[in-house]
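Numbering (my numbering), first residue to last: 497 to 619.
Here is the structure we will look at, set down as structure tokens.
Structure follows, in structure tokens:
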């Protein structure tokens, strides 16, 4: 795939949370939604772009399993992010192991809008 279609399908650095202060700001707003397997935190960022942060702890397994979980969360989010309003920082925290693509897809489509609604109420 080349051209503008390819560019829109990428997930660049400007669309990721990378600094600890960025994560702390999202956590501090306390706008979250959880289903017992994944927790989604949201915070308005005023940038007009949706950014993603991942916090995958040791409870998700060893480094290989954690990296697989991060790749899976990133890919599903990349594919569904256009369904959500821009201008929010989202932090996803998986609480378990052995996720499937379909499970993450279903959970993110429910959790992210719920977390965003909660963040809007805090404005």
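Quick reminder that beta carbons are idealized off the backbone N, C-alpha and C, glycines included.
All figures in this text were calculated on a predicted structure; none of them were measured in a lab.
Segment limits, beta strand (DSSP E) that includes residue i
i: residue 535; result: 534-540
i: residue 560; result: Counting along the chain, residue 560 falls outside any beta strand (DSSP E), though it belongs to the alpha helix (DSSP H) covering 559-576.
i: residue 547; result: 547-550
Status (buried if at least 16 other CB within 10 Å, exposed otherwise) for residue i
i: residue 503; result: The predicted model places residue 503 with a pLDDT of 45, which falls under 50 and marks its position as unreliable; any figure quoted below should be read in that light. Answer is exposed; the Cβ neighbour count stays below 16.
i: residue 597; result: exposed
i: residue 594; result: exposed
i: residue 600; result: buried
CA nearest to the CA of residue i, picked from the options
i: residue 536; options: 588, 600, 617; result: 588
i: residue 557; options: 600, 572, 592, 532; result: 592
i: residue 619; options: 511, 583, 518; result: 583
i: residue 510; options: 551, 543, 534; result: 543
i: residue 565; options: 538, 577, 512, 590; result: 590
i: residue 507; options: 571, 517, 526; result: 571
Continuous alpha helix (DSSP H) stretch holding residue i: start and end
i: residue 529; result: Note, residue 529: premise wrong, no alpha helix (DSSP H); beta strand (DSSP E) at 528-530.
i: residue 609; result: 597-618
i: residue 555; result: That residue, residue 555, is in no alpha helix (DSSP H); it is neither H nor E in DSSP.
Cα-Cα separation between residue i and residue j, rounded to whole angstroms
i: residue 612; j: residue 528; result: 8 angstroms
i: residue 569; j: residue 616; result: 24 angstroms
i: residue 603; j: residue 540; result: 21 angstroms
Residues that residue i bridges to, as DSSP identifies them
i: residue 584; result: 540
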